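Everything on this sheet refers to the single structure shown next.
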Ligand code: CA
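In the working numbering, the protein residues as written are 109 to 338.
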């Protein structure tokens, strides 16, 4: 998944990019509003993290102009402390959520993941014929709400874990190589290695399988990849 980061504080750009990349995202940055706007128009992103106070064009104008151009990519706005009224303005201009600086990285990641899950573009991902819900074992998956429950208790999945699970379920019974999963779930130009797939599979098993060491649903097909038991 690709994130456009529009931010002029170099230190923050480095910290945020590093962290988002380590989570498996592909990050492109722009250091002023005008170039951020241009990139958001020219390329496809899954999410835009947009600072308000920017050189050349402020975040509000960028957001408003993007919406006017029909760019519906989710926008997470970064506002400075005390800009309470401006947050309302940001949401009116088409931002999807906002975060006040300074923020904890974990908080930013939570907002990013929530927005990616809410995004209709992601919900509609796949073949378009996806079911709205799916049950396996004691787990139920609500694709529309991007919610997973196990034994009736909510399970917290990251956006990537959810996307991976959804892909496996929608294509259950088929074996998928790690490279194929990287292409389908992380995106054609994503940087993470096939090891990333293994790690996410392990997390999904940990959270969803009765016995993660002997998974019943998320199966390894030795030498080939993974499949969701049909
Ligand atoms: Ca700034």
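Cβ coordinates follow ideal geometry from the N, Cα and C atoms, glycine included.
No experiment lies behind these values; they were computed from the predicted model shown.
- According to DSSP, residue 262 shares a beta bridge with 257.
- Secondary structure note for residue 325: it is in no beta strand (DSSP E), with a DSSP letter that is neither H nor E.
- In this structure, DSSP gives residue 125 a helical state, which the three-state scheme calls helix.
- If you draw a 10 Å sphere on the C-beta of residue 271, you find 16 or more other C-beta atoms in it, and that means buried.
- Put simply, the residues with a CB less than 5 Å from any heavy atom of ligand 1 are 116, 159, 161, in chain order.
- Separation of the CB atoms of residue 181 and residue 207 is rounded to 17 Å, and the pair is thereby denied contact status at 8 Å.
- A residue is called buried once 16 or more other Cβ atoms fall within 10 Å of its Cβ, and residue 310, having fewer, is exposed.
- For residue 302, the enclosing alpha helix (DSSP H) starts and ends at 302–316.
- The straight-line gap separating the alpha-carbon atoms of residue 149 and residue 174 is approximately 7 Å.
- Using a C-beta cut-off of 8 Å, the region 278–287 makes contact with the region 322–335, since at least three inter-stretch Cβ pairs fall below that distance.
- The beta-bridge partner set that DSSP reports for residue 333 consists of 329.
- In terms of Cβ geometry, residue 116 and residue 134 do not form a close pair [threshold 8 Å].
- By the CB criterion at 8 Å, residue 220 and residue 184 fall inside the cutoff.
- Taking the C-beta atoms as reference points, residue 187 is found nearer than 8 Å to residue 160.
- Assignment of residue 140 by DSSP, reduced to helix, strand and coil, places it in the coil class.
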